[in-house]
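Asker: Next up is a structure, given as structure tokens.
Residue numbers (UniProt numbering): 1 to 324.
Below you can see the structure in the form of structure tokens.
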């Protein structure tokens, strides 16, 4: 994939210590406030920061300087749960049904472009593509630094269009990939068949086993379970159960990425909800690292590595957990 040289991303890993603060440095007192946008994965595909009608409820509008406080003061006028309720009523269910419906319809076309290599993306979509690819890149680094993946069983829970499942298969892993969206699974299988036609040295890739399933329906035992950028669609009360279930499937390692919940990011997301626009994206939920860690500890797992992946429009906390 080709990315703008002006876009940057970084990630830091360390063992069992707290990560640095995610709050950015304060702007100089006399610096003129400027308007930019930011999104938490998987979020906005706004075409322009000046076209607020293109923004959806999961888009975060970041207003520089003291304007953040000014806008935050009016957030009480919004009802962030109203749109979620309306979406749920439309599809006759809760968050799970909203997610399934979205990623089988308009969301599929949007995220197929973002996860793909087409040039038909705006700068926000391109930046989110970069952020997500950095997440995949760092997960692959985490998985391969301990040795070969040849023959290692991996469950890719929420595989999307195969961005992780295909590289895993190229490294010789035996991959079980699933997604709640039938459209996503069909695209992932198509991409896998196109890309896994040749071997990598002595490694002959095996086509991943693709299934249409939600996280709670997954079964089996795997050396490693990976779930990237999925928890954003579910509140912490449901995420706890999903984390517990994913841990029950993993024998040695569980890797999760999620949109971090801090006061700063929460304010940005709430500001974004002031500009809902016409798009019907899913409700976005942020998760505190402490809450994710508590859910893991409750089922006998501990966090071994922690990281943060950021680009201009993408923020994801990445954790690797192992049995305690």
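For glycine and all other residues, C-beta sits at the position ideal for the given N, C-alpha and C.
Taking the beta carbon of residue 125 as the centre, do at least 16 other beta carbons fall within 10 Å, making it buried, or is it exposed?
Answerer: Buried.
Asker: Are there 16 or more other CB atoms within 10 angstroms of the CB of residue 109, so buried, or fewer, so exposed?
Answerer: Classification of residue 109: exposed, given that the 10 Å Cβ count is below 16.
Asker: Helix, strand or coil for residue 308? Go by DSSP, reduced to three states.
Answerer: Note: residue 308 maps to strand in three-state DSSP.
Asker: Can you grab the Cα-Cα spacing for the pair residue 240 / residue 216, in whole Å?
Answerer: Each residue's alpha carbon lies about 11 Å from the other.
Asker: For residue 261 versus residue 287, is the C-beta distance shorter than 8 Å?
Answerer: The answer is yes: Cβ separation under 8 Å.
Asker: Give me the residue from 183, 147, 174 and 179 with the minimum Cα distance to residue 105.
Answerer: Nearest C-alpha to residue 105: 183.
Asker: Just to confirm, are residue 314 and residue 233 a CB contact at a threshold of 8 Å?
Answerer: No.
Asker: Determine, using beta-carbon pairs with one atom in the stretch 96–104 and one in the stretch 126–141, whether at least three such pairs fall under 8 Å.
Answerer: The answer is no - the stretch 126–141 does not touch the stretch 96–104, with fewer than three Cβ pairs under 8 Å.
Asker: With 16 other CB atoms within 10 Å as the buried threshold, where does residue 151 fall?
Answerer: Residue 151 should be labelled exposed.
Asker: How do the stretch 155–165 and the stretch 174–182 stand: do at least 3 beta-carbon pairs fall below 8 Å, yes or no?
Answerer: Short answer: they touch.
Asker: From residue 211 to residue 170, what does the alpha carbon distance come to, in whole angstroms?
Answerer: If you take the alpha carbons of residue 211 and residue 170, they lie about 19 Å apart.
Asker: Are residue 222 and residue 135 close, meaning C-beta to C-beta below 8 Å?
Answerer: For residue 222 and residue 135, no; Cβs fall outside 8 Å.
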